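One structure is given below, encoded as C-alpha cells.
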Amino acid sequence: MIKRFIVICITIISSSVFSQQGTGSPYSFYGIGSLKFRGTVENRSMGEMGVYLDSIHLNLRNPASYAGKNIDANPFNGESRPIKFSVAGTASNSTLNSDSEKAKTNSTIFDYLALSIPIGKFGVGFGILPYTSVGYRLNDVDDDGDVLNRYNGEGGINKVFGGLGYQVTDKLSIGVDFNYNFGNIQNTAVEIAYTNEGTIAQYQTREFNRSDLRGLNLNFGLAYKTMITDKLELSTTATYAPGSELQSENERTFSTVTLDTEYNVTRISNVIEADLEAENLKNTELTLPSRFTFGAGVGQPKSWFVGAEYTFLNTSEFSNPVFSDTSTTYQDGSQFSLGGFYIPKYNAFSGYFNRVVYRAGVKFENTGLVIKDEPINEFGISFGLGLPVGARNLFSNANLGLEFGRRGTTEKNLILENFVNFNVSLSLNSRWFQQKKYY
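Using our numbering, the letters of the sequence shown correspond one by one to residues -13 to 425.
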C-alpha cells in the first residue's frame, strides 16, 4: 500500500510541471519572473530556514549536506548511510487587492525532484527544480473603467543541478553545486482601441516578446556542527552563490488581432517581426545577482532545534536590456528566517504521533524590487508536519506544509497579494550499500 501511495504522489507532483501554471502573482511581470524558493518542504515549514542538516533529509539549500556522515550520528548503526530521495509540489491560492478592486488566483507547481548518494567521505546530489516562474494577466484601466492595455505573461526558468560534498572533519563539511538554468519567458501586450460608440474596435495591435534563456552558475556551501554541552548541539552554515550571466535569445513581433468581449485574443494576422539585430537586442546577457547566506541554531539531536538565517541578495546587480520599465528599479534584497522543529520521541515503539516532526517558522523579506519608489516586501508564517511512512528503521517521511503570507502594497495603486501555500513532499531513504551479515 505504501509503495502504491508513493508512486501515485510522485506521478501527480511530477506531472504538474507540464500541466499547470507555476504562479499567479502580478509581480512575476517584472525581471525574469517570481524567484522560486530553492529548498525542501521541511525548510519552507521552518520559515525557509536551511540551517539544520541531518542524515535522513535532503537539504537543497547547502551542498555541504551531501557529504560523508552528513555531520550527524548515523541512523543505521554505522553500517551504511542512506540514499536520500525527495519529490515535492505546491498548490497556491492568492487574493489580490488594489485600492479599488479584488481578484483571486490559484496555481500548482512542481517544486523539486532530487537524489543524494554518499560515497565514502564524499557525497553527490542532483535534481531539477524551478528557478523562476512567470504567470500574470494584468489590465491597465482608465478612470471610466475601460481597459486600455492588457498584459499577459507565462513561462519561467528551470534549474538542473549536480553537486559534490566532502567531509573535512567529523564536524565540518564543504560542498559545491553546479547549476544549469534554462527556459523561456513570453510576454504579450495588447493595446485596446474603441469605436466612437464605446465598443471594442474590430482590430487591435499586439506586441509579443519571447526570450529563450540558458546559463551556468555555482553555489558553495559550508556546514559545521559541534556539541556545546552533553545535550545541546550548535549548528552553523554558510552558502555563497557568485553573480552570473544568462544568455538570452530574443524575438519580438507585432500583429493585428481580434478580441472577444473578455479581451481574449481570438485571431492573429499581419505578423511583422521586429529587427532586434539592428537594436543589438537579438542576443543579450542578463546579470543574475550574487547571494550570501549565514545561519546558526542550537538543539538537542533527534528531539528539537531552533535556528535563524540571514540572506543578502545583491539584487541591484540585476539587469535585463530587453524588458525595461522606467517605473521599476532594483535595490539590494535580504531575508531573515526564524524556525525550528520538535519530535516528542523519534524512536517510540507506540504512539504514532510521538514520531511525527512538528515544524514552524516565520520569514521577513525585502525582495529588492522597487516599483514607483515603493519597495516590494514579503512576510510569511509557516507550519508543517513530517509523517513517518514505510519501514520504521528507514526514517522516511511524507511532509506537509502550510504557509500564510503577504507580498506588496496598495500604495500608489500597486497590489497587495495575500497568499496561502500548501506544500507536500515525500522524503524517502533506502539502504543500497548494506553490508551482508550472513553468507
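Every residue gets a Cβ at the ideal spot worked out from N, C-alpha and C, and that includes glycine.
Quantities reported herein were computed from a predicted structural model and do not represent experimental measurements.
Kindly identify the DSSP beta-bridge partner or partners of residue i.
i: Ala346; result: Gly326, Phe369
i: Gln233; result: Arg200, Glu271
i: Val284; result: Leu220, Val292
i: Glu397; result: According to DSSP, which records beta bridges pairwise, Glu397 is partnered with nothing at all.
i: Pro374; result: Asn383
i: Gln321; result: Thr297, Glu351
i: Leu101; result: Phe71, Phe112
i: Ser80; result: Thr91, Phe405
i: Arg238; result: Asn195
i: Ser159; result: Gln153, Ala209
i: Gln172; result: Glu140, Arg196
i: Ala187; result: Answer is none; Ala187 lacks a bridge partner.
i: Asp126; result: Asn135
i: Ala227; result: Arg277
i: Lys145; result: Leu115, Asn167
i: Thr315; result: Val356
What do you reckon, are the CB atoms on residue i and residue j nearer than 8 Å?
i: Asp53; j: Lys107; result: In the sequence as presented, Asp is not what sits at residue 53; that position holds Ala. Yes, these two residues count as a Cβ contact at 8 Å.
i: Arg238; j: Asn195; result: yes
i: Tyr344; j: Lys288; result: no
i: Pro330; j: Leu267; result: no
i: Leu414; j: Ser31; result: no
i: Thr222; j: Arg47; result: no
i: Ser11; j: Ser80; result: yes
i: Phe408; j: Ala74; result: no
i: Gly326; j: Trp290; result: yes
i: Val342; j: Gly372; result: yes
i: Ser93; j: Gly19; result: no
i: Leu204; j: Phe164; result: yes
i: Glu219; j: Thr273; result: no
i: Ser368; j: Gly387; result: yes
i: Asn170; j: Asp198; result: yes
i: Gly161; j: Gly151; result: yes
i: Asn385; j: Ser411; result: yes
i: Val292; j: Gln317; result: no
i: Gly370; j: Asn300; result: no
i: Ile69; j: Ile103; result: yes
Decide if residue i is buried, meaning its Cβ has at least 16 other Cβ atoms within 10 Å, or exposed.
i: Asp40; result: buried
i: Met213; result: exposed
i: Tyr117; result: buried
i: Asp58; result: Caution is warranted here: a pLDDT of 46 is assigned to Asp58, below 50, making its placement in the model unreliable, and the coordinate value is therefore given only provisionally. With 16 or more other Cβ atoms within 10 Å, it is buried.
i: Gly337; result: exposed
i: Gly319; result: buried
i: Ala227; result: buried
i: Tyr38; result: buried
i: Gly121; result: buried
i: Tyr296; result: exposed
i: Ser426; result: Outside the modelled stretch of the chain, which goes from -13 to 425, sits residue 426, for which no answer is possible.
i: Tyr98; result: buried
i: Ala264; result: exposed
i: Val27; result: buried
i: Asn236; result: buried
i: Ser86; result: exposed
i: Gly285; result: buried
i: Ile258; result: exposed
i: Ser382; result: buried
i: Asn399; result: exposed
i: Lys90; result: exposed
i: Phe15; result: buried
i: Ser255; result: exposed
i: Gly111; result: buried
i: Tyr13; result: buried
i: Phe335; result: exposed
With a cut-off of 8 Å on the beta carbons, I'd call residue i and residue j a contact; round off their distance for me.
i: Gly33; j: Asn45; result: Between Asn45 and Gly33 the Cβ distance is about 15 Å, and since that is not below 8 Å, they are no contact.
i: Gly201; j: Gln172; result: Contact flag wrong, Cβ pair sits at about 18 Å.
i: Gly113; j: Leu101; result: 6 Å
i: Gly391; j: Phe365; result: 6 Å
i: Leu21; j: Ile401; result: Contact doesn't hold; Cβ gap of about 18 Å is too wide.
Practice task
Could you tell me whether the region 262 to 278 touches the region 207 to 222, where touching means 3 or more Cβ pairs closer than 8 Å?
Solution key: By the Cβ rule, the region 262 to 278 does not count as touching the region 207 to 222, because fewer than three pairs are nearer than 8 Å.
Practice task
Decide yes or no for the touch test of the region 241 to 249 against the region 184 to 195: beta carbon pairs closer than 8 Å, at least 3 of them.
Solution key: Contact check between the region 241 to 249 and the region 184 to 195: three or more CB pairs, one atom from each, fall below 8 Å, which counts as touching.
Practice task
Tell me, please, whether the region 134 to 150 touches the region 169 to 182 by the rule of three or more beta-carbon pairs shorter than 8 Å.
Solution key: Remark: three or more beta-carbon pairs, one from each stretch, lie closer than 8 Å, so the region 134 to 150 and the region 169 to 182 are flagged as touching.
Practice task
Specify whether the region 356 to 367 and the region 388 to 396 touch according to this definition: at least 3 beta carbon pairs, one from each stretch, less than 8 Å apart.
Solution key: Between the region 356 to 367 and the region 388 to 396, the count of C-beta pairs closer than 8 Å reaches three or more; the two stretches touch.
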